[in-house]
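Enquirer: In our numbering, the protein residues as written are 30 to 328.
Ideal Cβ positions, reconstructed from N, Cα and C, are used throughout, including at glycine.
It should be emphasised that the depicted structure is a prediction, and the values quoted were computed from it without experimental measurement.
1. For the alpha helix (DSSP H) containing residue 69, name the first residue and the last one.
2. Assuming residue 116 is part of the alpha helix (DSSP H), what are its boundary residues?
3. Classify residue 90 as helix, strand or coil using the three-state DSSP reduction.
4. Does the distance from the CB of residue 270 to the CB of residue 158 come in under 8 Å?
5. Would you grab the beta carbon distance between residue 136 and residue 167 for me? Rounded to a whole angstrom, and I think it's under 8 Å.
6. Under the three-state reduction of DSSP, which class applies to residue 168: helix, strand or coil?
7. In three-state DSSP terms, what is residue 296?
8. At the level of alpha carbons, what is the spacing between residue 171 and residue 64?
9. Below 8 Å on the Cβ atoms is my guess for residue 199 versus residue 267; work out the distance and round it to an integer in Å.
10. What does DSSP give as the partner residue(s) for residue 211 in the beta ladder?
11. I need the DSSP call for residue 301, collapsed to helix, strand or coil.
12. Which residues share a DSSP beta bridge with residue 99?
13. Just the Cα atoms here: how many angstroms apart are residue 206 and residue 226?
14. Pull up the CB-CB distance for residue 139 and residue 160, whole angstroms please, since I reckon it's below 8 Å.
15. Nearest chain B C-beta to residue 214 closer than 8 Å, yes or no?
16. Any idea what DSSP makes of residue 149, helix, strand or coil?
17. Can you find the residues in the same chain that come closer than 8 Å, C-beta to C-beta, to residue 255, ignoring five residues on each side of it along the sequence?
18. Please classify residue 155 as buried or exposed, where buried requires at least 16 other C-beta atoms within 10 Å of its C-beta.
19. Please state whether DSSP places residue 268 in a helix, a strand or coil.
20. Taking the C-alpha atoms as reference points, what is the distance between residue 208 and residue 260?
21. Can you tell me the Cα-Cα spacing of residue 59 and residue 210, whole angstroms?
22. Please name the residue in 133, 278, 286, 143 whose C-alpha comes closest to that of residue 47.
23. State the DSSP-derived secondary structure class of residue 284, mapped to helix, strand or coil.
24. So for residue 312, helix, strand or coil by DSSP?
25. Buried or exposed: which applies to residue 184, given that a residue is buried once 16 or more other Cβ atoms fall within 10 Å of its Cβ?
26. Suppose you measure from the CA of residue 105 to the CA of residue 81; what does that come to, to the nearest Å?
27. Does the beta-carbon distance from residue 73 to residue 145 come in below 8 Å?
28. Per the contact definition of three or more C-beta pairs closer than 8 Å, is the segment 89 to 102 in contact with the segment 118 to 132?
29. Contact check, residue 112 vs residue 142 under 8 Å by CB: the rounded distance?
30. Sorted by chain position, which residues of the same chain lie with C-beta nearer than 6 Å to residue 57's C-beta, five sequence neighbours on each side aside?
Written as structure tokens, this is what we have:
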């Protein structure tokens, strides 16, 4: 048995009950994710109208090649709303019909709208998970005549791709933490410094014209806990790919990653709404709230 076969058996043991759970959870999550995407598009519409006053100024600065090609200047009303309507229509289409074409169109619209959001002189990766989920699920279109076991394997590879991004991030952070700990630079500190998390939070808050109040400052003064928390977050990110082994592992990993994003959301004002909702939608145990007859309808 070669390494590929061993990996396949590890992530996909012969378990029909587990396969049923994966299948029904994916089918529901795919539709819920498209609904969430529609809401996200409406949020971008709000940003467009809010930023109309910037259209005649030098604030609109496309930085990436995609932005320079498709968004060289602030988009006109017709251009923007054409993309918006096409995106929403494609999302509804992909909910109603299991075909690849609307998914491809929707992926482009999401890329375009996310590019618009970050065309004001700065780039953020807060929307990367939303885009990757649309990309990795392009060909995950279930048909009643498909082999369930084979399709569930594809679902696990889809989840593997999503979680791999966190594992790479965790590995990168741990490697640099080790390097900086053994080869420290005078002008830099590391996450193991007792003041590191507090300093990072204060800088992020000040950057958004927000001053940490008394209780928050006292919370950051609790000894040891923040160094342990940082190592815990890095470790959860590092082992994220084990979430593809089974459902229980995926719940544990998803909870850890969502908790990490929630901390950033409320304590450093680093907004990761798309990532939080995407993780919740992808790994939510929908099968616990539906009847077995519903599952049989998809077989």
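Expert: Taking the definition as stated:
1. Element bounds for residue 69: 45 to 79.
2. Per DSSP, residue 116 belongs to the alpha helix (DSSP H) from 106 to 125.
3. Shown here, residue 90 sits in a strand according to DSSP, grouped into three states.
4. For residue 270 and residue 158, no; Cβs fall outside 8 Å.
5. Between residue 167 and residue 136 the Cβ distance is about 7 Å, and since that is below 8 Å, they are a contact.
6. The answer is coil: DSSP assigns residue 168 none of H, G, I, E or B.
7. Residue 296: helix per DSSP, three-state reduction.
8. Roughly 18 Å between the two C-alpha positions.
9. Yes, they are in contact, since the Cβ atoms of residue 199 and residue 267 sit about 3 Å apart, within 8 Å.
10. Beta-bridge annotation (DSSP): residue 211 is not paired with any residue.
11. For residue 301, the secondary structure class from DSSP, reduced to helix, strand or coil, is coil.
12. Paired residue(s): none; residue 99 is not in a bridge.
13. If I take the Cα positions, the gap works out to 14 Å.
14. Between residue 139 and residue 160 the beta-carbon gap is near 6 Å, inside 8 Å, which marks them as a contact.
15. Among the chains in the structure shown there is no chain B, since it carries only a single protein chain.
16. Strand.
17. 223, 225, 226, 227, 249, listed in sequence order.
18. Burial call: buried.
19. Residue 268: coil per DSSP, three-state reduction.
20. In this structure, the straight-line span from the alpha carbon of residue 208 to that of residue 260 is close to 15 Å.
21. Whole-angstrom Cα-Cα distance: 43 Å.
22. The candidate whose alpha carbon is nearest that of residue 47 is 278.
23. Correct three-state label for residue 284: helix.
24. Residue state, collapsed to three classes: helix.
25. Here residue 184 is buried. Its C-beta has 16 or more other C-beta atoms within 10 Å.
26. Computed Cα separation, rounded: 10 Å.
27. A distance below 8 Å separates the beta carbons of residue 73 and residue 145.
28. Not touching, per the Cβ criterion.
29. The beta-carbon separation of residue 112 and residue 142, rounded to 7 Å, stays under the 8 Å limit for a contact.
30. Beyond the five residues adjoining it in sequence on each side, residue 57 comes within less than 6 Å, by CB distance, of 315 in the same chain, given in chain order.
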